[in-house]
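Novice: Numbering (my numbering), first residue to last: 50 to 494. Where a beta carbon is used, it is the ideal one built from N, C-alpha and C, also for glycine. I'd like to ask some things about the structure below.
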């Protein structure tokens with residue numbers, strides 16, 4: 050059997066394959082915040098704190114640049130998984146080649162226009178001169194990793210679409226491990242501060258890319274690739290790829306804008322409110338990294354089932370993924386409710402912040418409960434390549450679910466209403482996505 054095929058799964062096998070993929074994906078995902086945490090720790094121990102503040106500022110720019118371009122990962126997974134289900138080896142390789150070309154083109158554009166993009170970003174973000182200077186130094190070195198970062202999105206999506214989570218794990222291990230080592234050497238040993246942190250991230254992305262390319266070269270058939278080169282430029286295939294990428298881009302932009310507006314409104318309500326909300330957002334972010342491991346597994350398997358035409362397998366997949374996601378989301382929320390000082394105390398030693406934080410912790414229940422299901426359903430519809438559903442759901446959840454109540458919260462300077470707005474955003478997302486599920490099951494229940 051070819052390495053790109055997957056045997057037909059019966060319902061008992063769905064569980065085994067799902068949890069195998071999910072476990073490896075969760076391990077890979079957790080390396081990202083761990084690497085980020087250690088980078089912050091290295092910068093935070095420097096004598097001047099403005100280096101850490103500058104990197105934090107510049108990271109906002111990269112979050113928008115890279116997260117909005119993460120459609121490269123998502124669309125690659127969806128199309129590849131369906132090609133695997135159809136046992137269409139040509140489409141599997143063409144998906145990699147097309148999206149790799151797109152990633153390289155976008156990466157080069159980021160390098161060409163990095164100066165005006167940086168100037169615009171730092172003009173929008175407010176900070177004192179020394180903080181901006183440190184942020185600019187980080188930006189100027191990290192941006193050179195853009196082509197590798199975007200290509201890694203494609204390779205990770207391609208491996209996930211084929212169910213090869215182990216390869217993604219090794220890419221993540223090498224990339225994030227190298228980032229930690231290089232952070233220590235460049236920041237602590239060579240005293241390059243924020244510029245060193247950016248350079249460490251860039252180099253680690255190229256090392257991560259190298260690992261992915263090694264995996265590809267081990268199964269690359271040059272004769273096969275030469276026969277496919279002429280098909281790369283087929284206009285209909287490019288139209289379908291770009292349409293899906295556009296829809297996922299809009300979905301991601303709406304999601305990022307919601308959390309950015311939440312943070313900005315928190316800041317407008319005062320430093321204490323910003324600090325409190327930032328801590329709870331860290332809990333939400335960590336939970337999302339774990340739930341995304343389940344979402345990635347759901348995405349891969351849903352795409353394969355659609356490609357095979359085995360729609361009867363989608364319902365048990367949704368059941369398992371939904372139960373696991375909800376369990377994780379509610380577990381984190383309940384743990385913070387029961388042990389707030391112990392858990393949130395790991396993030397800050399300011400007793401006044403922890404004390405003021407207690408009334409807002411219950412908001413984690415609806416946000417992580419509904420949110421965990423929403424992220425899982427995102428993965429499900431990504432696997433089915435239903436970009437329009439994801440786009441429309443995200444826009445409605447942001448513009449109708451979050452923004453109106455968030456504006457009222459800002460008007461009344463109410464942190465409770467702000468958290469209610471974020472909760473409503475999650476509720477609208479999961480409700481609208483759930484209403485679309487029956488259409489995908491093809492009367493298989």
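#1: In the DSSP assignment, the alpha helix (DSSP H) including residue 112 goes from what residue to what residue?
#2: Can you tell me where the alpha helix (DSSP H) with residue 135 in it begins and where it stops?
#3: Given a threshold of 16 other Cβ atoms within 10 Å of its Cβ, counted over all protein chains shown, does residue 126 qualify as buried or as exposed?
#4: What is the C-beta distance between residue 204 and residue 261, in whole angstroms, given that I count them as a contact (C-beta under 8 Å)?
#5: For the alpha helix (DSSP H) that residue 197 lies in, which residues bound it at each end?
#6: In terms of alpha-carbon separation, which member of 244, 349, 363 lies closest to residue 181?
#7: State the Cα-Cα distance for the pair residue 196 and residue 318, rounded to the nearest angstrom.
#8: Using beta-carbon positions only, say whether residue 200 and residue 291 come within less than 9 Å of one another.
#9: Among 316, 144, 440, 158, whose alpha-carbon lies nearest the alpha-carbon of residue 211?
#10: Going by Cα to Cα distance, which pick from 368, 159, 468 is closest to residue 315?
#11: Could you have a look at residue 468 and say whether DSSP puts it in helix, strand or coil?
#12: CA-CA distance, residue 323 and residue 329?
#13: List the whole-angstrom C-beta distance separating residue 370 from residue 343, where the pair is believed to meet the contact cut-off of C-beta under 8 Å.
#14: Count the other CB atoms within 10 Å of the CB of residue 216; is the residue buried (16 or more) or exposed (fewer)?
#15: How is residue 318 classed by DSSP in three states: helix, strand or coil?
#16: Tell me whether the beta-carbon of residue 110 lies closer than 9 Å to the beta-carbon of residue 167.
#17: Would you kindly check if the distance between the Cβ of residue 285 and the Cβ of residue 139 is under 9 Å?
#18: Unbroken alpha helix (DSSP H) runs of length 4 or more, entirely within the stretch 397-429: which are they?
#19: Using CA atoms only, rank isn't needed, just tell me which of 413, 375, 146, 425 is closest to residue 278.
#20: For residue 122, count the other beta carbons within 10 Å of its own beta carbon; 16 or more makes it buried, fewer makes it exposed. Which is it?
#21: Pick out whichever of 100, 420, 479, 486 has its Cα sitting closest to the Cα of residue 177.
#22: Within 10 Å of its beta-carbon, does residue 58 have 16 or more other beta-carbons around it, so buried, or fewer, so exposed?
#23: For the alpha helix (DSSP H) that contains residue 270, what are its first and last residues?
#24: Around the Cβ of residue 62, are there at least 16 other Cβ atoms within 10 angstroms (buried) or fewer (exposed)?
#25: Do the stretch 422-438 and the stretch 478-485 make contact, defined as three or more Cβ pairs closer than 8 Å?
#26: Thinking just about the alpha-carbon of each residue, which of 485, 407, 447 is nearest to the one in residue 430?
#27: At a cut of 8 Å, does the stretch 457-476 reach the stretch 297-314 through at least three beta carbon pairs?
#28: Distance check for residue 458 and residue 220, CA to CA, integer angstroms please.
#29: Given that a residue counts as buried once 16 or more other Cβ atoms are within 10 Å of its Cβ, and exposed if not, what is residue 465?
#30: When burial is assigned at 16 or more other CB atoms within 10 Å of the CB, is residue 120 buried or exposed?
#31: Over the uninterrupted alpha helix (DSSP H) stretch that includes residue 381, give me the two end residues.
#32: Should residue 185 be labelled buried (16 or more other beta-carbon atoms within 10 Å of its own) or exposed?
#33: Apart from the five residues on each side of it in sequence, which residues of its chain come closer than 7 Å, Cβ to Cβ, to residue 52?
Specialist: The structure says:
#1: For this step, residue 112 is matched to residue 63 along the chain shown. First-last of the alpha helix (DSSP H) with residue 112: 99-117.
#2: Taking the chain shown and counting its residues from 1, one reaches residue 135 at position 86. Unbroken run through residue 135: none, as it is neither H nor E.
#3: By 1-based counting over the chain shown, the position of residue 126 is 77. Counting Cβ neighbours within 10 Å, residue 126 comes out buried, since at least 16 surround it.
#4: Translated into the one-based positions of the chain shown, residue 204 becomes position 155. Translated into the one-based positions of the chain shown, residue 261 becomes position 212. Contact flag correct, Cβ pair sits at about 4 Å.
#5: Position 148 of the chain shown, counted from the first residue, corresponds to residue 197. DSSP places residue 197 in the uninterrupted alpha helix (DSSP H) bounded by 195-210.
#6: Walking along the chain shown from the start, residue 181 turns up at place 132. If you compare the alpha carbons of 244, 349, 363 with that of residue 181, the shortest gap goes to 244.
#7: Your numbering for residue 196 matches position 147 in the chain shown. Your numbering for residue 318 matches position 269 in the chain shown. Rounded to the nearest whole angstrom, the C-alpha separation of residue 196 and residue 318 is 39 Å.
#8: For this step, residue 200 is matched to residue 151 along the chain shown. For this step, residue 291 is matched to residue 242 along the chain shown. Residue 200 places its beta carbon 9 Å or farther from that of residue 291.
#9: Looking up residue 211 in the chain shown gives position 162. It is 144 whose Cα lies nearest to the Cα of residue 211.
#10: Along the chain shown, one-based indexing puts residue 315 at 266. When only C-alpha atoms are compared, the closest one is 468.
#11: By 1-based counting over the chain shown, the position of residue 468 is 419. Residue 468 falls in the helix class under three-state DSSP.
#12: What you label residue 323 is simply residue 274 of the chain shown in a count that begins at 1. What you label residue 329 is simply residue 280 of the chain shown in a count that begins at 1. For the pair residue 323 and residue 329, the Cα-to-Cα distance works out to about 10 Å.
#13: Taking the chain shown and counting its residues from 1, one reaches residue 370 at position 321. Taking the chain shown and counting its residues from 1, one reaches residue 343 at position 294. Going by Cβ atoms, the distance from residue 370 to residue 343 rounds to 6 Å, so yes, they are a contact pair.
#14: In the chain shown, residue 216 corresponds to position 167, counting from 1. Here residue 216 is buried: its Cβ has 16 or more other Cβ atoms, across all protein chains shown, within 10 Å.
#15: Translated into positions along the chain shown, residue 318 becomes position 269. Annotated three-state conformation of residue 318 is coil, per DSSP.
#16: By 1-based counting over the chain shown, the position of residue 110 is 61. By 1-based counting over the chain shown, the position of residue 167 is 118. Their beta carbons are under 9 Å apart, which means residue 110 touches residue 167 by this criterion.
#17: The residue given as residue 139 occupies position 90 in the chain shown. The residue given as residue 285 occupies position 236 in the chain shown. No, they are not a contact pair.
#18: Whole alpha helix (DSSP H) segments, 4+ residues: 400-406.
#19: Working through the chain shown from its first residue, we reach residue 278 at position 229. Cα-wise, what sits closest to residue 278 is 146.
#20: Position 73 of the chain shown holds residue 122. Result: buried.
#21: Locating residue 177 in the chain shown gives position 128, where the first residue counts as 1. Of the listed residues, the one whose Cα sits closest to residue 177 is 100.
#22: Residue mapping note: residue 58 aligns to position 9 of the chain shown, counting from 1. Caution is warranted here: a pLDDT of 46 is assigned to residue 58, below 50, making its placement in the model unreliable, and the coordinate value is therefore given only provisionally. So residue 58 ends up on the buried side.
#23: Counted from its first residue, the chain shown places residue 270 at position 221. Judged by DSSP secondary structure, residue 270 falls outside any alpha helix (DSSP H); it is assigned neither H nor E.
#24: Sequence index remark: in the chain shown, residue 62 carries index 13 (1-based). In the assembly as shown, residue 62 is an exposed residue. Its beta-carbon has fewer than 16 other beta-carbons within 10 Å.
#25: Yes, they touch.
#26: Start at 1 with the first residue of the chain shown, and residue 430 comes out as number 381. Minimum Cα distance to residue 430 is reached at 485.
#27: As far as the Cβ criterion goes, the stretch 457-476 touches the stretch 297-314, which means the pair count is three or higher.
#28: Against the chain shown, residue 220 aligns to sequence position 171. Against the chain shown, residue 458 aligns to sequence position 409. Straight-line spacing of the CA atoms in residue 220 and residue 458 works out to 43 Å.
#29: To locate residue 465, count along the chain shown from 1; it is residue 416. By the C-beta density criterion, residue 465 is exposed, having fewer than 16 other C-beta atoms within 10 angstroms.
#30: For this step, residue 120 is matched to residue 71 along the chain shown. That one is buried.
#31: Residue numbering aside, residue 381 sits at position 332 when the chain shown is read from its first letter. Going by DSSP, residue 381 is part of the alpha helix (DSSP H) stretching over 363-387.
#32: Here residue 185 is taken as the residue at index 136 of the chain shown, counted from 1. By the Cβ neighbour-count rule, residue 185 is buried, with 16 or more other Cβ atoms within 10 Å of its own.
#33: Mapped onto the chain shown, residue 52 falls at position 3. Since pLDDT at residue 52 reaches only 41, below the 50 mark, its modelled position is unreliable, and the value read off the structure follows with that caveat. Residues of the same chain with a CB within less than 7 Å of the CB of residue 52, apart from the 5 flanking positions on each side, are 268 in chain order.
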